[in-house]
Amino acid sequence: MDQKKNEQIQKFGGAWTVIKIDILKQYLDAYTTALKSQPFNLVYIDAFAGCGKYTTKNDQQDMPLLAIKKDTDIEVREGSARAALNITNPFHKYHFIDLAESNFEQLNSLKAEYSSISSRISIHREDANEAVLRICKETNWYDYRGVLFLDPFDLEVEWKTIETVAQTKGIDMWFLFPIMAVNRLLTRKELPPEEWQKKLDKVFGATDWRTSLYSKIQARQTSIYSLLPEDITVKDTDIEGIKEYTASRLRTVFTKVSPSARILRNKTNSPLFVLFFAVSTESDRGKEVAMRIANYILKNT
């Protein structure tokens with residue numbers, strides 16, 4: 021049976037998807053070029069690798085004169101896995117992680133497609149948090165340097181994973197933070213339900229979001245029997261506030277976090293994600309070079 025007929029391609033994506041992949045690929049190309057003469061083995065870790073491709077609909081208008089509608093004008097683009105494999109100077113090691121069976125099968129097919137470097141490619145079908153923790157533990161970071169791309173669909177990334185990555189002192193991290201999903205859990209009046217609070221605690225690795233993103237105000241007297249106004253808790257932040265709070269949390273564990281984090285929006289201009297960049301190296305030169313490259317790409321892509 022023709023493999024292409026069975027090929028599963030992620031049927032989502034838009035301008036924001038194109039931007040994130042473009043930013044990532046530019047950085048990976050610059051990263052491996054900058055370090056190609058250094059005495060390190062270079063590793064790329066893609067924690068939510070998907071199937072390697074995605075589709076996006078072109079924004080062109082219908083063509084009435086030709087009686088052609090552009091509903092079928094779908095473009096297949098390279099996902100993060102292929103973007104990493106298509107750079108000029110390849111990494112010495114690739115880890116592609118995805119829990120879905122269909123994605124796992126598609127990722128395995130990359131070994132045949134990129135046969136010249138197939139021995140460098142490892143495919144992992146497991147929980148992304150567990151896989152990243154294991155890879156960080158098993159890798160000798162004295163000899164290795166690497167880039168991690170965290171691109172979750174929702175709030176799957178736990179803070180303990182972020183901390184472990186930072187502790188390697190050898191990883192540059194790109195994190196597509198699902199800010200819309202977080203914002204939905206931050207109820208406007210009163211703190212979120214306890215279950216949601218626990219979820220946010222795992223995401224942020226802290227509990228002080230309750231005071232950083234919420235304030236207490238005095239409510240108006242609601243009846244003649246109320247002698248004094250009561251303090252009530254209300255949400256006191258917006259997308260920029262959540263973005264800055266998240267950046268402040270990253271700064272507690274990484275040696276440097278880019279101030280140019282990019283908010284990615286959908287076609288209705290609603291914020292979906294924030295693309296953060298952080299470095300764990302303690303080398304002043306390493307931090308300087310990584311930040312200069314990442315900040316330039318984030319500002320100009």
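Adding 20 to a residue's 1-based position in the sequence shown gives its number in the numbering used here. By construction, the Cβ of each residue, glycine as well, lies at the ideal position given by its N, Cα and C atoms. Keep in mind it's a predicted model, so treat the numbers as computed, not measured.
DSSP bridge partner residues for residue i (one or two, in chain order)
i: T253; result: K236
i: R230; result: DSSP output for R230 lists no bridge partner at all.
i: Y164; result: N61
i: L284; result: F293
i: K276; result: V299
i: I191; result: G166
i: D359; result: Residue 359 is absent from the structure shown; the chain starts at 21 and stops at 321.
i: F197; result: V294
i: K209; result: V254
Whole-angstrom C-beta distance between residue j and residue i, which should lie under 8 angstroms
i: A69; j: L127; result: 6 angstroms
i: I39; j: I317; result: Contact flag wrong, Cβ pair sits at about 10 angstroms.
i: L175; j: L196; result: That belief does not hold up - the Cβ atoms of L175 and L196 are roughly 12 angstroms apart, past 8 angstroms.
i: R285; j: P291; result: 5 angstroms
i: L205; j: K219; result: 7 angstroms
i: L168; j: M193; result: 5 angstroms
i: R145; j: D118; result: 7 angstroms
i: S300; j: I191; result: 5 angstroms
i: W161; j: K131; result: Not confirmed; about 26 angstroms, so no contact.
i: A151; j: A67; result: 7 angstroms
i: D18; j: F60; result: The question about residue 18 has no answer, for the chain in this structure spans 21 to 321.
Start and end residues, alpha helix (DSSP H) containing residue i
i: G261; result: 259-271
i: A54; result: 35-55
i: A186; result: 179-187
i: E176; result: From DSSP, E176 is part of no alpha helix (DSSP H); its letter is neither H nor E.
i: D147; result: Segment: none, D147 is in no alpha helix (DSSP H) and carries neither H nor E.
i: N320; result: 304-320
Identity of the residue in the options nearest residue i by Cα
i: T266; options: K236, V185, I252, D228; result: D228
i: G306; options: Q58, S290, I259; result: Q58
i: S280; options: V185, T272, K287, V294; result: V294
i: N332; options: W36, D66, D256; result: Since the first residue shown for the chain is 21 and the last is 321, residue 332 is missing from the structure and cannot be characterised.
i: T108; options: E121, L55, E158; result: L55
i: R271; options: E183, L48, N61, Y47; result: E183
i: R208; options: V273, G166, D258; result: D258
i: Q46; options: G34, N106, N61; result: N106
i: S232; options: I262, P213, D251; result: I262
i: V177; options: E158, K157, P198, G166; result: P198
Contact set for residue i: own chain, Cβ-Cβ below 8 angstroms, skip 5 residues either direction
i: L211; result: Q217, R230, Y234, T253
i: S278; result: F296, F297, A298, M311, A314, N315, L318
i: L85; result: Bear in mind that the predicted position of L85 carries a pLDDT of just 37, short of 50, making it unreliable; the figure below should be weighed with that in mind. Taken in chain order, the list of residues that qualify is empty.
i: P110; result: T52, I137, R140
i: E121; result: R145
i: S135; result: none
i: A50; result: I313, I317
i: E264; result: none
Sequence-distant residues of its chain with Cβ nearer than 7 angstroms to residue i (five each side left out)
i: W179; result: K222, V223, F224, G225
i: N320; result: none
i: I155; result: I65, H115
i: E308; result: none
i: E302; result: K189, T275
Neighbourhood of residue i by C-beta distance below 6 angstroms, restricted to the same chain and skipping five residues each side
i: K113; result: V63, R140
i: S129; result: none
i: S142; result: H115
i: A104; result: L48, Y64
Run of the beta strand (DSSP E) containing residue i, from where it starts to where it stops
i: W142; result: Just to set this straight, residue 142 is Ser in the shown sequence, not Trp. Note, S142: beta strand (DSSP E), 141-144.
i: Y114; result: 113-117
i: F124; result: Not the beta strand (DSSP E): F124 falls in the alpha helix (DSSP H), residues 121-128.
Residue i beta carbon near the ligand ZN (any heavy atom closer than 8 angstroms)
i: Q217; result: The ligand ZN is not part of this structure, which contains no ligands at all.
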